[in-house]
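Student: Numbering (this note's numbering), first residue to last: 209 to 406.
Below are the structure tokens for one structure; questions will follow.
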């Protein structure tokens, strides 16, 4: 979270840059919380009680009781990115409304709304990619389990994750997107070894 804030602040080593850095961290924190609440609300609707929501440097985790079916897990996994996209679209609407009505707002507010759009829309779309341990991979695995055995579904899901992470990693290298490359590398490691590090 702090890393995003400092990246957003760029080279502004002054009070304004510090405020942008703090604001960026807050935006990421709120966005992760909304994402995990999406999972929690969906799990609760299926009768599984949310036990904890943990937010850490690389994202968050929603822990809930019970063992969801493949269909339930599919919807629960998609609910997080869905909540993030909804928040991002809300921020777009607020920015459009402010702009259309010519309402004067502090530059930090405008920048925060821009960060809210970027973080939620871009991250939600990225999170839907079928790369372990992202939600897209969980959704794919759950969908496959509706038609295939758990073993066959896991095998296909693993190979899809390896190929997707490899392609994303190459694209990230070509576009000099270091953070995306690190995420892809971690996904490759997890898909290859079965050890979760994200």
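Glycine included, every Cβ here is placed at the ideal spot set by N, Cα and C.
Within 10 angstroms of the Cβ of residue 348, are there 16 or more other Cβ atoms? Answer buried if so, exposed if not.
Tutor: Answer is buried; the Cβ neighbour count reaches 16.
Student: Can you tell me the Cα-Cα spacing of residue 293 and residue 323, whole angstroms?
Tutor: The straight-line gap from Cα to Cα measures roughly 13 Å.
Student: Between the alpha carbons of residue 246 and residue 273, how many angstroms are there, rounded?
Tutor: Cα to Cα, residue 246 sits roughly 16 Å from residue 273.
Student: Decide if the segment 310 to 324 is in contact with the segment 263 to 280; the criterion is three or more beta carbon pairs, one per stretch, under 8 Å apart.
Tutor: No, because fewer than three Cβ pairs between the segment 310 to 324 and the segment 263 to 280 fall closer than 8 Å, the two stretches do not touch.
Student: Tell me whether the beta-carbon of residue 326 lies closer than 9 Å to the beta-carbon of residue 370.
Tutor: No.
Student: In chain order, what are the residue ranges of uninterrupted alpha helix (DSSP H) at least 4 long that sit wholly in the segment 310 to 366?
Tutor: Counting whole runs of 4 or more residues, the segment 310 to 366 contains the alpha helix (DSSP H) stretches 315 to 325, 331 to 335 and 343 to 353.
Student: Using alpha carbons as the reference points, say which of 373, 337, 315 and 333 lies closest to residue 228.
Tutor: Closest by alpha carbon: 315.
Student: Give me the Cβ distance between residue 368 and residue 392, rounded to the nearest whole Å; I'm assuming they're in contact under 8 Å.
Tutor: Not confirmed; about 14 Å, so no contact.
Student: Report, in whole angstroms, the separation of the C-beta atoms of residue 395 and residue 373, which I expect to be a contact under 8 Å.
Tutor: Sure, about 4 Å apart at Cβ, within 8 Å.
Student: Would you identify the three-state DSSP class for residue 374, choosing helix, strand or coil?
Tutor: Reduced to three states, the DSSP call for residue 374 is helix.
Student: Could you check whether the segment 235 to 251 touches the segment 261 to 273, counting it as contact only if at least three pairs of C-beta atoms, one from each stretch, sit closer than 8 Å?
Tutor: Touching, yes.
Student: Starting from residue 268, trace the beta strand (DSSP E) in both directions and tell me its first and last residue.
Tutor: Taken as a continuous stretch (DSSP letters only), the beta strand (DSSP E) holding residue 268 covers 267 to 272.
Student: Between which two residues does the alpha helix (DSSP H) holding residue 243 run?
Tutor: It spans 223 to 253 - the alpha helix (DSSP H) in which residue 243 sits, taken as one unbroken run.
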